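Here the sequence shown is numbered in my numbering, starting from 41 and rising by one per residue.
Idealized CB from N, CA, C, for every residue including glycine.
Since this is a predicted model, take the numbers as computed values, not measurements.
To start, the structure itself, in structure tokens.
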Amino acid sequence: MIAFEPTVQEPKLLRSAVLWAKRNKDHIPSISSLAPTRGWKDLTALGRSWQEAGLGALIEASEDGRRTVYFSLNDNALTSVDAEFRRSLIGRLQAVPRAEWISLSSMLVSVGALVVAILAYLKA
């Protein structure tokens, strides 16, 4: 049986949560602060869908009468975001080794020099 990756709702918000968790010492980002315009119920449903996809655990907190949604990320969230980034054009370009870029640029320089030499020969 083939196991497919679960589809992730709001991949941009998940990416920003993963990047926030990488930058900060506290590895539990507040989804409420990352998406302040969204409602508590909407963010809770989003956190539950991420939890069902196996990306971490949902944490609901209430402080001073204000509800906040936190999401504890796991390694699956990091690999999911990295895989999504590698599917983009920039991610694919960054995956090309530096030696390949150097060889490609040297080939383009040599082709350019050959074209200039041919044009100089034809003019003479």
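- Every alpha helix (DSSP H) of 4 residues or more that sits fully in the stretch 61–119 is shown, in chain order, as 71–74 and 80–92.
- Proximity to Val109 across Leu129, Phe125, Leu133 and Pro76 peaks at Pro76, based on C-alpha coordinates.
- Going by beta carbons, Leu113 and Ala61 fall inside the 8 Å limit.
- Of all C-beta pairs linking the stretch 149–157 to the stretch 87–94, fewer than three are shorter than 8 Å, placing the two stretches out of contact.
- DSSP places Glu140 in the helix class (H, G or I) of the three-state scheme.
- With contacts defined as CB atoms closer than 8 Å, Ala135 and Arg126 qualify as a contacting pair.
- Here Ala123 is exposed: its Cβ has fewer than 16 other Cβ atoms, across all protein chains shown, within 10 Å.
- For the set Val121, Asp66, Trp80 and Leu159, the Cα lying nearest the Cα of Ser56 is the one of Val121.
- One thing to note: Leu83 has its Cβ no nearer than 8 Å to the Cβ of Ser73.
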